[in-house]
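J.: Sharing a structure, written as structure tokens. Questions coming.
There are 2 protein chains.
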Amino acid sequence: MKQATIIGSGLVGSLWAVYLTKAGYKVNVFERRTDMRKTIISAGKSINLAMSFRGWKALDEMEIGDEIRKIAIPMYGRTMHDLSGNKTYQPYGINDQAIWSVSRGDINCKLMDIAERTGNANISFNEECTGADLKNGIVYLKNTQTGKASEHKSDVVFATDGAFSALRYNAMQKLDRFDYSQKYIEDGYREILLPANADGSYKLEKNTLHIWPRGRFMLIALPNFDGSFTCTLFMPFDGHEHCFNNLTSKEKVNNFFKTVFPNFFEMMPNIADAWEDHPLSSLAIIRCFPWTHGKTALMGDAAHATVPFFGQGMNAGFEDCSVMHSLMKKHNHDWEKVFKDYEIMRKPNGDAVQDLSLLNYIVMRDKVADPTFLLQQKVERRMAELYPGNYFPMYSMVSFSEIEYHVALNKGKEQDEVVLNMIKKNNITQETPSNKLDELIHQFYGEKIKN
Amino acid sequence: MKQATIIGSGLVGSLWAVYLTKAGYKVNVFERRTDMRKTIISAGKSINLAMSFRGWKALDEMEIGDEIRKIAIPMYGRTMHDLSGNKTYQPYGINDQAIWSVSRGDINCKLMDIAERTGNANISFNEECTGADLKNGIVYLKNTQTGKASEHKSDVVFATDGAFSALRYNAMQKLDRFDYSQKYIEDGYREILLPANADGSYKLEKNTLHIWPRGRFMLIALPNFDGSFTCTLFMPFDGHEHCFNNLTSKEKVNNFFKTVFPNFFEMMPNIADAWEDHPLSSLAIIRCFPWTHGKTALMGDAAHATVPFFGQGMNAGFEDCSVMHSLMKKHNHDWEKVFKDYEIMRKPNGDAVQDLSLLNYIVMRDKVADPTFLLQQKVERRMAELYPGNYFPMYSMVSFSEIEYHVALNKGKEQDEVVLNMIKKNNITQETPSNKLDELIHQFYGEKIKN
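Residue numbers (my numbering), protein chains in the order written: chain A, 4 to 454; chain B, 4 to 454.
Here it is as structure tokens:
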């Protein structure tokens, strides 16, 4: 039986363990942290993620999608809250297309259970990766509780140990001609738990992603099963009127929320007390290349960590698993060939998902509150309805298809220009009658098809 | 007496030790390597560097310029060798402006001697930096020969340990919100020693930098005191007609030199035998920020390693010393203030010297063989002669002035456009009579001064 090693039992590592055991490998997973399944996660320590098409595709491929759907809440659109508490709703897609709110902790525990239940995956906890012999498939480990050093050799090694991958840091980054960059954005984030009502009901609509877009910063909220919402405030650390470094007292926190998020403050007047429940965290884009060397490959955040604004970090990591799996079958487990194809195919997508994430921060915090953007979205939704084969909105390409990220990014940019030009050329407004709008769209595609 | 620690006794570390001892510090320098003064450097193991204005300024500030000038050879211009062995000469500046060829080993040994001779600098060799407490000025060390671990605390710490700085890697790079990137260029380099004639005379003109520009690659030669030249071939590793990975046999090396550098091959028909004397090395641009944290600062390559094509790596590092020194005096040794100013002033210059270096590779390997570029240089040299206060060629700003690198870069780009436009608009050619050229230049500045 072939042996595989995985460093990190996070989301991607655990799912990849499922893939590999099903493909006939004996899998050893080494995780630096303690077993989170044996730790009581304190209320509100959960981070929420949005599962979309690519994530589901990988889970369904392993026939575990339905099990995960039980712990996921569909969000069919975004609800924007303005300063006066007025709400605007935008569907994410057509029909029942949705992105799904899942708790990182819940899905991670579930995926570890599923991996272990295959019988051929063993997860060892408290094992820190201190280095690796990339060519020979050896990882060097140190037990964080006993201090005991060990090494483990196998046929193939995968590093799924996240943005600050120890294997990458201690081995890959020391390779000659290894390109690497970590770039922090100006903004950080702090999580806030908005509890359920006393009767357990939700304080906001459940099946939507809530956004308080404020131009340079924003608050978002994703639903949990217990009626609470996990909220996240994204804002510059410093150098702006509203920034984390200005919120240095309870009074300042209260004033800030009263002023810029009044309807949120009404729901959570004790915000200042909950302010320190979660740490202030930073956000970085990490790029590197190559992603493979010898018998070792980087997957997920270890290869292409991104900022969270398109909700694609986990989805991109799960898609790495799908792609690696199909290449493994194509090349009949010849990992040298698999790795070569994998990094060439996936690197442009890793770069693109990062660019998309940065773009979508501006969409979420600013553009969704801009009438021109809302009009643009209305026009493009109608174009997609009338010419589904010709127009596919960028958001949908990213969230509801497996079109490669780099294709979605480039096509999306082109389309943006087309729609903006059409609006400008024909003086389209929100008041333009729908039959007139349809006529303009038919005219545009009529000409395009003729040419 | 205040204590300072320097990690790395390379060029910048040794010079900075001189500055600090003269400013009244007791300085401990820790160097990972053995003492190069006690090792016989095998022939041809020397790397040559080009000292220009900024380097000399720093050395003269410490009154050691004359001592270094004794081991430096002035190069007043560049000599281009074409395929037929024809030569073109371009002066670097006006009058006796020159850049100076120095052996890295020679100048490093000399600077270490000078630092130690002050009586207040001690260099400990074989001491590897394994980590640091940046806030408290503690460095953690391990002796590479005895394995003994130790720590050393002082009032202020400087990391001058080069592109792959151990202090940066083991401490700075682990800081939250530390931006970092290492980007390798497609090209590598291999050194070749062109020996002197049997009678000790030079095989090429001594006081010039020789270039064999070949578009995508180039060979250069810098003079040594013993009549030899240190030559360097810069070329892509792979993926091009001429690349290192194609030169896999002595025959291929011989054919390559015969074909693309025939006059060099005539001087060195045993090139294939010497081919493996030096390793094939890679070239990277390393950017990071911040450059300081707590009591610790990065200087030289540790902060802004560049590719060597403008010959400014050492000069920029020496200028770091000049600037840090003047800020130290300005802020009366209040290092918190010094560091804040230092990184804000120097970061744009670190970025610019890297951009300039990348630009100058294209100039050296390609443009210097292009008639349009030579014409452009002729026109700009005349503009600088006629309007010295108004026109300062980019090469001169970088090499013969202390104008900030980022100013030189931006001003240089603007000027390039001005000259190209003037050439185009007035159909200037190499045949344009000099009085006509002067007239056009006077006309241009006349109009400019009027406006």
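Cβ atoms here follow ideal geometry from the backbone N, Cα and C, with glycine treated the same way.
Since the model is a prediction, treat every value here as computed from it, not as a measurement.
Does the beta-carbon of A152 of chain A have 16 or more other beta-carbons within 10 angstroms, so that it is buried, or is it exposed?
T.: Stepping through the first sequence from its first residue, residue 152 of chain A is reached at position 149. Burial call: exposed.
J.: Where does P391 of chain B fall in DSSP's three states?
T.: For the purposes of this step, residue 391 of chain B is taken as the residue at position 388 of the second sequence. Coil at P391 of chain B, not helix or strand.
J.: The stretch 184-211 of chain A: which residues have C-beta closer than 7 Å to a C-beta of chain B, in chain order?
T.: S184, Q185, K186, Y187
J.: Please list the partners that D229 of chain A has in chain B, where partner means a Cβ-to-Cβ separation under 7 Å.
T.: Here residue 229 of chain A refers to the residue found at position 226 of the first sequence. Within chain B, no residue comes near D229 of chain A; the closest Cβ sits about 31 Å away, beyond 7 Å.
J.: For the beta strand (DSSP E) that D136 of chain A lies in, which residues bound it at each end?
T.: In the first sequence, counting from the first residue as 1, residue 136 of chain A sits at position 133. Segment 130-136, the beta strand (DSSP E) holding D136 of chain A.
J.: Span of the alpha helix (DSSP H) holding L361 of chain B?
T.: Position 358 of the second sequence, counted from the start, is the residue given in the question as residue 361 of chain B. Counting along the chain, the alpha helix (DSSP H) containing L361 of chain B begins and ends at 338-368.
J.: State the CB to CB distance for the pair A199 of chain A and K209 of chain A, rounded to an integer number of angstroms; the pair is presumed to be in contact (CB under 8 Å).
T.: On the first sequence, position 196 is the one that residue 199 of chain A refers to. On the first sequence, position 206 is the one that residue 209 of chain A refers to. Contact doesn't hold; Cβ gap of about 11 Å is too wide.
J.: Kindly list the residues whose CB is nearer than 8 Å to the CB of K255 of chain B, restricted to its own chain and excluding five residues on each side of it in sequence; keep chain order.
T.: Position 252 of the second sequence holds residue 255 of chain B. Once the five neighbours on either side are set aside, the close Cβ partners of K255 of chain B are N249.
J.: Going by the CB atoms, is the gap between V356 of chain A and T295 of chain A shorter than 8 Å?
T.: Position 292 of the first sequence, counting from 1, holds the residue named residue 295 of chain A. Position 353 of the first sequence, counting from 1, holds the residue named residue 356 of chain A. Not closer than 8 Å, so no.
J.: Whole angstroms are fine: how far does the CA of W59 of chain B sit from the CA of C132 of chain A?
T.: Taking the first residue of the first sequence as 1, we reach residue 132 of chain A at position 129. Taking the first residue of the second sequence as 1, we reach residue 59 of chain B at position 56. Answer to the nearest angstrom: the Cα atoms are 47 Å apart.
J.: Which class does I188 of chain A belong to by DSSP, given the choice of helix, strand or coil?
T.: Sequence index remark: in the first sequence, residue 188 of chain A carries index 185 (1-based). Strand at I188 of chain A.
J.: So what does L196 of chain A bridge to, in DSSP terms?
T.: To locate residue 196 of chain A, count along the first sequence from 1; it is residue 193. Paired residues: A:T233.
J.: Quick check on E450 of chain A: buried or exposed, where buried means 16 or more other Cβ atoms within 10 Å of its Cβ?
T.: For the purposes of this step, residue 450 of chain A is taken as residue 447 along the first sequence, with counting starting at 1. Exposed.
J.: Could you list which residues in chain A have their beta carbon closer than 8 Å to that of S285 of chain B, in chain order?
T.: Mapped onto the second sequence, residue 285 of chain B falls at position 282. In chain order: D179, R180.
J.: How is Q148 of chain B classed by DSSP in three states: helix, strand or coil?
T.: One-based indexing of the second sequence puts residue 148 of chain B at position 145. Coil, per DSSP.
J.: Could you have a look at R219 of chain B and say whether DSSP puts it in helix, strand or coil?
T.: Mapped onto the second sequence, residue 219 of chain B falls at position 216. R219 of chain B falls in the coil class under three-state DSSP.
J.: Could you compute how far the alpha carbon of A174 of chain A sits from the alpha carbon of T235 of chain A?
T.: What you label residue 174 of chain A is simply residue 171 of the first sequence in a count that begins at 1. What you label residue 235 of chain A is simply residue 232 of the first sequence in a count that begins at 1. Cα-Cα distance, rounded: 34 Å.
J.: With DSSP collapsed to three states, give me the class of D69 of chain B.
T.: Your numbering for residue 69 of chain B matches position 66 in the second sequence. In the structure shown, D69 of chain B sits in a helix (DSSP, three-state: H, G or I).
J.: What are the partner residues of Q93 of chain A, as DSSP defines its beta bridges?
T.: Here residue 93 of chain A refers to the residue found at position 90 when the first sequence is read from its first residue. In the DSSP output, where bridge partners are listed per residue, Q93 of chain A has A:R81.
J.: Just list the residues that DSSP pairs T37 of chain B with in beta bridges.
T.: Position 34 of the second sequence, counted from the first residue, corresponds to residue 37 of chain B. Per DSSP, none; premise fails for T37 of chain B.
J.: Put F292 of chain B into one of helix, strand or coil per three-state DSSP.
T.: Sequence index remark: in the second sequence, residue 292 of chain B carries index 289 (1-based). Correct three-state label for F292 of chain B: strand.
J.: Which residues mark the beginning and the end of the beta strand (DSSP E) in which I9 of chain A is found?
T.: Position 6 of the first sequence, counted from the start, is the residue given in the question as residue 9 of chain A. First-last of the beta strand (DSSP E) with I9 of chain A: 6-10.
J.: Confirm the yes/no value for this check: CB of D164 of chain B, any heavy atom of the ligand PLP, distance under 7 Å.
T.: Annotation note on the ligand PLP: not contained in the displayed structure, which lists no ligands.
J.: Around the Cβ of D202 of chain B, are there at least 16 other Cβ atoms within 10 angstroms (buried) or fewer (exposed)?
T.: Looking up residue 202 of chain B in the second sequence gives position 199. Answer is exposed; the Cβ neighbour count stays below 16.
J.: Just confirm the distance between the C-beta atoms of V160 of chain B and V142 of chain B, as a whole number of angstroms; I'd bet it's less than 8 Å.
T.: Translated into positions along the second sequence, residue 160 of chain B becomes position 157. Translated into positions along the second sequence, residue 142 of chain B becomes position 139. About 6 Å; that satisfies the 8 Å criterion.
J.: Evaluate the contact criterion for the stretch 323-332 of chain B versus the stretch 274-281 of chain B: three or more CB pairs, one atom per stretch, below 8 Å.
T.: no
J.: On the premise that L23 of chain B lies in contact with V30 of chain B, defined as a C-beta separation below 8 Å, what is that separation, rounded to the nearest angstrom?
T.: Translated into positions along the second sequence, residue 30 of chain B becomes position 27. Translated into positions along the second sequence, residue 23 of chain B becomes position 20. Their Cβ separation, rounded to whole angstroms, is 5 Å, which keeps V30 of chain B and L23 of chain B in contact under 8 Å.
J.: Am I right that A75 of chain B and W103 of chain B are in contact with their C-beta atoms under 8 Å? What's the rounded C-beta distance?
T.: Counting from one through the second sequence, the residue named residue 75 of chain B turns up at place 72. Counting from one through the second sequence, the residue named residue 103 of chain B turns up at place 100. Yes, they are in contact, since the Cβ atoms of A75 of chain B and W103 of chain B sit about 4 Å apart, within 8 Å.
J.: Indicate whether at least one CB of chain D lies closer than 8 Å to the CB of D38 of chain B.
T.: Absent from the structure: chain D. Protein chains present are A and B.
J.: Is it the case that the Cβ atoms of H468 of chain B and W215 of chain B are separated by a distance below 8 Å?
T.: Residue 468 of chain B lies beyond the residue range present for chain B, which begins at 4 and ends at 454; the question has no answer from this structure.
J.: Comparing the C-beta of A46 of chain B with each C-beta of chain A, is any distance below 8 Å?
T.: Taking the first residue of the second sequence as position 1, residue 46 of chain B is located at position 43. Since pLDDT at A46 of chain B reaches only 43, below the 50 mark, its modelled position is unreliable, and no value is offered.
J.: Output the distance between the C-alpha atoms of Q148 of chain B and G320 of chain B, rounded to the nearest integer angstrom.
T.: On the second sequence, residue 148 of chain B is found 145 positions in, with the first residue counted as 1. On the second sequence, residue 320 of chain B is found 317 positions in, with the first residue counted as 1. Rounded to whole angstroms, Q148 of chain B to G320 of chain B spans 29 Å at the Cα level.
J.: Hey, T211 of chain A and Y79 of chain A: beta-carbon distance below 8 Å or not?
T.: Sequence index remark: in the first sequence, residue 211 of chain A carries index 208 (1-based). Sequence index remark: in the first sequence, residue 79 of chain A carries index 76 (1-based). The answer is yes: Cβ separation under 8 Å.
J.: Quick check on DSSP: helix, strand or coil for N98 of chain B?
T.: For the purposes of this step, residue 98 of chain B is taken as the residue at position 95 of the second sequence. Residue state, collapsed to three classes: coil.
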